[in-house]
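*Asks:* Numbering (the working numbering), first residue to last: 3 to 107.
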Amino acid sequence: MAELKITKNNFEAEVLRSGLPVLLDFWAVWCPPCKMLSPVIQEIADEYEGRAKVGKINVDEEPELAAMFRVENIPTVVVMRDGKMAESAVGYRPKEQITAMLERA
């Protein structure tokens, strides 16, 4: 499954009304740790196809969404369940920690 590009225009449909847990990756092009995390997020998107959605939010393009989640540092990973934030983590995290967050959601 490809990662979804989440914007303010599709946030409600793809995240808030999702019947599946949603992993959100807040990132920016200029962020080295975000670049390190990107292939991990892609692997999770592939492995969780049909069980979870994985979305990427570019904080430079979507400052309103970053503000809504009070993202001050990136990368920030947020797990949403039933339209509510279940868990979040700031900074690079290994795949195992991120998938554990998804499993708990």
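Beta carbons are placed, not taken as given, at the ideal position from N, Cα and C, and that holds for glycine.
Evaluate contact between the stretch 79 to 87 and the stretch 14 to 32, counting only Cβ atoms and requiring at least three cross-stretch pairs below 8 Å.
*Replies:* In short, these stretches touch, since the Cβ pair count reaches three.
*Asks:* Can you list, in chain order, the residues of its chain whose CB lies under 7 Å from that of Lys-7, leaving out five sequence neighbours each side?
*Replies:* The residues are Lys-58.
*Asks:* Return the Cβ separation of Thr-9 and Ile-46 in integer angstroms, given the expectation that the two are a contact with Cβ distance under 8 Å.
*Replies:* At roughly 20 Å, the Cβ-Cβ gap does not stay under 8 Å, so Thr-9 and Ile-46 are not in contact.
*Asks:* Cβ atoms of Ile-43 and Val-61: under 8 Å apart, would you say?
*Replies:* Against a cut-off of 8 Å, the Cβ pair of Ile-43 and Val-61 comes out as no contact.
*Asks:* For the putative contact between Ala-107 and Ala-88, defined by C-beta atoms under 8 Å, what is the C-beta separation to the nearest angstrom?
*Replies:* 4 Å between Cβ atoms; contact.
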